[in-house]
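See below for the structure under consideration.
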DNA sequence: ATTGTAAACTAACGATTGTTAGTTTTGTGT
DNA sequence: ACACAAAACTAACAATCGTTAGTTTACAAT
């Protein structure tokens with residue numbers, strides 16, 4: 022039997038995610054993480070090699086989920102509106118299933134060391150570029166308003182990226198309904214159309 | 022002559038803002054701040070009482086700018102659309118003039134100590150509540166779409182709050198034009214209207 | 001020239017940091 | 001019952017943390 026070791030490691034990572042989300046990577050000590058698990062700090066090293074490894078697993082793991090999701094959307098032959106709707110669904114789904122990891126993804130990525138830092142930055146810029154190309158094509162084909170592409174890109178992306186901060190405390194909205202509402206707000210705006 | 026002391030203190034605060042924005046409050050040491058100013062860490066204490074004081078000045082200062090701006094908007098008798106446009110202008114102006122401080126406002130507020138922490142949380146929840154009431158009234162009076170108020174609120178607010186992360190590297194857009202573009206994207210959406 | 005003070009310095013403190021070494025406990029397969 | 005390995009432990013390390021005490025430097029007012 023040897024499958025056991027991975028369970029404890031996953032426990033360390035998920036517990037660390039929660040703590041990193043609350044206070045940030047730098048403000049959480051190995052002793053904090055250990056205490057949350059009911060063990061001593063030195064015992065963590067039976068499962069992980071360093072504090073940095075925990076951070077890498079958290080960030081790279083969820084970053085790759087966004088990348089693979091985006092690749093699937095880019096390679097479909099749906100129209101622009103449908104692709105944008107799928108991106109919104111992607112973000113809501115990843116957020117709901119990895120809420121704690123998104124804190125580190127957004128705020129602690131700069132504490133990654135090489136080569137993980139460069140790898141993360143590559144994934145992020147590729148993701149943004151895929152998103153940008155979808156918007157550009159949408160404008161060109163007359164599906165989107167002819168507005169500044171960067172403003173459109175980062176307005177939508179900012180909302181999607183910080184969804185993890187506020188979806189949790191809004192019990193009134195379930196995932197399915199959240200997706201519906203966000204598609205309307207992000208794509209059609211909030212001002213009443215005549 | 023005694024007005025000199027405030028200059029150095031402001032230098033410490035603005036330099037700290039830049040460093041906190043890059044790596045976060047917890048990852049920046051007093052020695053890091055001192056080195057950026059070309060002095061030794063102990064010398065900082067001729068001007069400030071603690072690292073915490075620096076953080077308080079940064080966060081409370083910019084939080085109060087948002088609060089006073091929002092109060093002015095709430096107390097005007099403009100219609101909903103105009104109020105929302107003024108909120109967008111407020112965020113763009115504060116962001117352009119306090120770009121570095123917004124990093125701490127968004128990511129380091131949890132490292133405030135009492136009583137500043139409670140004060141900050143009060144300002145923030147009051148700001149959100151003012152924003153919420155504007156949206157609610159807009160829906161009631163038929164100026165805004167009858168969508169979920171929380172989704173509308175946090176979608177717009179998320180974009181405005183993280184503007185500091187991306188406006189800087191987009192040289193192609195000046196402030197005036199940025200405001201125009203953001204009003205259109207946030208209020209009218211990106212999908213082409215017939 | 002002398003004085004006063006703002007603002008820098010050196011040196012050090014106790015606490016905490018991530019991590020390592022070596023040891024003991026725990027639990028499972030034979 | 002025994003052996004083995006996983007996973008916990010105690011103890012300690014060198015480095016760094018925020019901060020204090022005491023001293024020196026720089027410069028403006030008298």
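Protein chains in written order, with the numbering used here: chain S, 22 to 215; chain G, 22 to 215. C-beta: ideal position from N, C-alpha, C; glycine also.
Delimiting residues of the alpha helix (DSSP H) encompassing residue 109 (chain S): Counting from 1 along the first chain, the entry for residue 109 (chain S) is found at position 88. 101-118 is the span of the alpha helix (DSSP H), which, as asked, contains residue 109 (chain S).
Buried or exposed for residue 43 (chain G), please, with buried defined as at least 16 other CB atoms from any protein chain shown within 10 angstroms of its CB. As a position in the second chain, residue 43 (chain G) is number 22, starting the count at 1. The residue in question, residue 43 (chain G), is exposed, as its Cβ has fewer than 16 Cβ neighbours within 10 Å.
Start and end residues, alpha helix (DSSP H) containing residue 214 (chain G): Position 193 of the second chain, counted from the first residue, corresponds to residue 214 (chain G). Here residue 214 (chain G) belongs to no alpha helix (DSSP H), and DSSP marks it neither H nor E.
Count the other C-beta atoms from every protein chain shown that fall within 10 angstroms of the C-beta of residue 139 (chain G), then say buried if there are 16 or more, exposed otherwise. Mapped onto the second chain, residue 139 (chain G) falls at position 118. Residue 139 (chain G) should be labelled exposed.
Residues bridged to residue 165 (chain G) [DSSP beta-bridge criterion]: Counting from 1 along the second chain, the entry for residue 165 (chain G) is found at position 144. The partner list for residue 165 (chain G) (beta bridge, DSSP) reads S:212.
State the Cα-Cα distance for the pair residue 41 (chain S) and residue 76 (chain S), rounded to the nearest angstrom. On the first chain, residue 41 (chain S) is found 20 positions in, with the first residue counted as 1. On the first chain, residue 76 (chain S) is found 55 positions in, with the first residue counted as 1. Between residue 41 (chain S) and residue 76 (chain S), the C-alpha separation is close to 9 Å.
Span of the alpha helix (DSSP H), counted from its first residue to its last, around residue 122 (chain S): The residue given as residue 122 (chain S) occupies position 101 in the first chain. Element bounds for residue 122 (chain S): 122-128.
Roughly how many angstroms separate the alpha carbons of residue 163 (chain S) and residue 178 (chain S), rounded to a whole number? Locating residue 163 (chain S) in the first chain gives position 142, where the first residue counts as 1. Locating residue 178 (chain S) in the first chain gives position 157, where the first residue counts as 1. For residue 163 (chain S) and residue 178 (chain S), the distance between alpha carbons rounds to 21 Å.
Given that a residue counts as buried once 16 or more other Cβ atoms are within 10 Å of its Cβ, and exposed if not, what is residue 131 (chain S)? The residue you call residue 131 (chain S) lines up with position 110 of the first chain. Exposed, since its Cβ has fewer than 16 Cβ neighbours within 10 Å.
Taking C-alpha atoms, which residue in G:47, G:78, G:70 lies nearest to residue 35 (chain G)? In the second chain, the residue the question calls residue 35 (chain G) occupies position 14. The residue with the shortest Cα to Cα distance from residue 35 (chain G) is G:78.
Under 8 Å: does the beta carbon of residue 142 (chain S) sit that close to some heavy atom of the ligand FAD? Judged by which ligands are present, the structure shown has none, so any question about the ligand FAD falls away.
With burial defined as no fewer than 16 other Cβ atoms inside 10 Å of the residue's Cβ, what is the status of residue 28 (chain S): buried or exposed? Here residue 28 (chain S) refers to the residue found at position 7 of the first chain. Classification for residue 28 (chain S): exposed.
Cα-Cα separation, residue 167 (chain G) to residue 155 (chain S): The count along the second chain starts at 1 and reaches residue 167 (chain G) at position 146. The count along the first chain starts at 1 and reaches residue 155 (chain S) at position 134. Taking the straight line joining both Cα atoms gives about 29 Å.
Whose C-alpha, out of G:98, G:96, G:33, is nearest the C-alpha of residue 57 (chain G)? Residue numbering aside, residue 57 (chain G) sits at position 36 when the second chain is read from its first letter. Nearest C-alpha to residue 57 (chain G): G:33.
Here's the rule: buried if 16 or more other CB atoms are within 10 angstroms of the residue's CB, otherwise exposed. What is residue 66 (chain G)? Looking up residue 66 (chain G) in the second chain gives position 45. The residue is exposed, with fewer than 16 neighbouring Cβ atoms inside 10 Å.
Between the alpha carbons of residue 207 (chain S) and residue 171 (chain G), how many angstroms are there, rounded? Mapped onto the first chain, residue 207 (chain S) falls at position 186. Mapped onto the second chain, residue 171 (chain G) falls at position 150. For residue 207 (chain S) and residue 171 (chain G), the distance between alpha carbons rounds to 13 Å.
Report all residues from its chain with a CB closer than 8 Å to the CB of residue 50 (chain S); omit the five preceding and five following residues, and keep chain order. For the purposes of this step, residue 50 (chain S) is taken as the residue at position 29 of the first chain. Excluding residues within five positions, the ones whose Cβ falls inside 8 Å are 62.
Residue 165 (chain G) classed as buried or exposed, judged by whether at least 16 other C-beta atoms fall within 10 angstroms: Counting from one through the second chain, the residue named residue 165 (chain G) turns up at place 144. It counts as buried.
Indicate whether residue 112 (chain G) and residue 141 (chain G) have their beta-carbon atoms separated by less than 9 Å. Walking along the second chain from the start, residue 112 (chain G) turns up at place 91. Walking along the second chain from the start, residue 141 (chain G) turns up at place 120. Going by C-beta atoms, residue 112 (chain G) is not nearer than 9 Å to residue 141 (chain G).
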